[in-house]
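To keep things clear, I will list the structure first and then write my remarks on it.
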Amino acid sequence: MSARSKLVINIEVDDRTVLFPDGKFLSHIALHEGEAADGEGVLRLEGVFLFNESRLGPEIASLDVEDARELARSILDAVFQGRTQHVLSETAKVAVVFNPNGFVLRFGEGAALRELFIGSPAIVRLAQGVLRMADRLSALPAH
């Protein structure tokens, strides 16, 4: 029996996509299929940086399947309603901040805070990719 291959979805972003506090411009966001210690599926968001001489690790955030679905819904709510949305659970703390020129995704808090500045067209592609990965992580194993 062969192991199922891990899916990676690359989301192309525009030149206004920046990850803080490190100040790294991104060319893509890679969504990786992962697995938590308890065997549950996990979605990992990783940045593909335009420059990275400081050798910063690529991870932006990791979310379980339900939090990933809620993030995608919150992104789309923010786009269509034009207001800030939140994803709060025992394992996730994410804010989708609406701005007239784009969005800021805030993952975590305090010293662990990561802020992803992203434009309007790219954020819809990100939501689509997150939902696609959540669908894959939710799929029942083949017989």
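Quick note on numbering: the sequence shown equals residues 29 to 171 in the working numbering.
In this text, a Cβ means the ideal position worked out from N, Cα and C, and glycines have one as well.
All values derive from a computational prediction rather than experimental measurement.
Proximity to residue i [Cα-Cα], best of the options
i: Val36; options: Ser55, Thr45, Leu73, Arg44; result: Leu73
i: Arg44; options: Gly130, His114, Val76, Thr119; result: Gly130
i: Leu116; options: Leu154, Leu91, Phe145, Glu63; result: Leu91
i: Ser166; options: Glu40, Ser148, Gly62, Asp42; result: Gly62
i: Gly157; options: Ser33, Leu71, Leu47, Asp66; result: Leu71
i: Arg142; options: Asp105, Leu133, Ala106, Leu104; result: Leu133
i: Leu47; options: Ala155, Asp105, Gly147; result: Gly147
i: Phe126; options: Phe145, Asn80, Ala89, Asp66; result: Phe145
i: Leu84; options: Phe53, Asp66, Val107; result: Phe53
Buried or exposed by the 16-neighbour rule on C-beta atoms within 10 Å, applied to residue i
i: Gly51; result: exposed
i: Ala123; result: buried
i: Gln109; result: exposed
i: Phe135; result: buried
Cβ-based neighbour list, residue i, same chain, cut-off 6 Å, excluding 5 preceding and 5 following
i: Ala162; result: Val93, Ala96, Arg97
i: Leu159; result: Ala100
i: Ser55; result: Val76, Leu78
i: Ser102; result: Gln113, Val115, Val124
i: Asn38; result: His56, Ala58
i: Leu104; result: Ala155
The beta strand (DSSP E) enclosing residue i, as first and last residue numbers
i: Leu133; result: 130–135
i: Ser90; result: 87–92
i: Lys121; result: 121–127
i: Gly63; result: Reading the sequence as shown, one finds Glu at residue 63 and not Gly. 52–63 is the extent of the beta strand (DSSP E) around Glu63.
i: Gly69; result: 69–77
Start-to-end residues for the alpha helix (DSSP H) that takes in residue i
i: Arg164; result: 148–166
Cβ shell of residue i (< 8 Å), same chain only, five flanking positions each side left out
i: Pro86; result: Ala58, Glu74, Gly75, Val76, Phe77
i: Glu68; result: Asp92, Val93
i: Glu40; result: Ser55, His56, Ala150, Arg153
Same chain only: Cβ atoms within 7 Å of residue i, ignoring 5 sequence neighbours per side
i: Arg164; result: Leu35, Glu61
i: Glu137; result: Lys121
Cβ-heavy atom distance, residue i to the ligand MG, below 8 Å
i: Asn127; result: Questions concerning the ligand MG fall outside what the structure shown contains, since it holds no ligand whatsoever.
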